[in-house]
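Down below is the structure, laid out as structure tokens.
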Amino acid sequence: MKKLKRVWVWMPAILILFLIYNFSAANGLQSSAMSSNLTEKIINFFIRVPFLDFKPAQEKISFQVLHIFVRKLGHVTEYAALALSMAFALYQYQVNNGRLIVWCMAFGFFYACTDEVHQLFILGRSGQFTDVLIDSLGMIFGVLFFTYLFTFSITSA
């Protein structure tokens, strides 16, 4: 593999790591505002559905539940993207499936831990081990999806 290609295959993973770091660097109010805006858009979409008759109390409860779901889904999504980008880079180095999964999961778990420690130093944020587990779930989804894609594409070719 050429040297330039060796560098470029890691760029998506590096960009996602940077993105995760930036999301974690947002203070509690900024972070909550980002996810609240998305949650409000989803709630407003469902309020417009004619056969769903939302009452104000239901909207408040729905918002609270959905807000938690949106925040946790963000964790899963960003770490699934990290796993996909890392798996792709490792695949370019002919790392086999077993080692690829171990490397992705180990690094993902390590980065999730450091990310939560990082949040301990951000105003209004807290580091939570449950978020590390949710991040790891995202890594599992990403690695399994990558493995499925490449196993399926190799066997069908």
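Position 15 of the sequence shown, counted from 1, bears residue number 15 in the UniProt record's numbering, the numbering being contiguous throughout.
Even glycine gets a Cβ: it sits at the ideal position worked out from N, Cα and C.
Where residue i falls, given that 16 or more other Cβ within 10 Å makes a residue buried
{"i": "G138", "result": "buried"}
{"i": "I16", "result": "buried"}
Own chain residues within Cβ distance below 7 Å of residue i, not counting five before or after
{"i": "M86", "result": "A13, C104, F107"}
{"i": "L29", "result": "G124"}
{"i": "I134", "result": "K72, H75, V76"}
Contact check, residue i vs residue j, beta carbons under 8 Å
{"i": "L122", "j": "N27", "result": "Before going further, note that residue 122 is Ile rather than Leu in the sequence given. It is a contact, given that the beta carbons lie within the stated cut-off."}
{"i": "F146", "j": "A83", "result": "yes"}
{"i": "D131", "j": "H75", "result": "yes"}
{"i": "H118", "j": "S31", "result": "no"}
{"i": "F45", "j": "L52", "result": "no"}
{"i": "I42", "j": "E78", "result": "no"}
First through last residue of the alpha helix (DSSP H) which encompasses residue i
{"i": "W10", "result": "Segment: none, W10 is in no alpha helix (DSSP H) and carries neither H nor E."}
{"i": "F107", "result": "97–119"}
{"i": "F51", "result": "Here F51 belongs to no alpha helix (DSSP H), and DSSP marks it neither H nor E."}
{"i": "N44", "result": "28–47"}
Nonlocal neighbours in the same chain, by C-beta distance under 6 Å from residue i, ignoring five residues either side
{"i": "I101", "result": "V143"}
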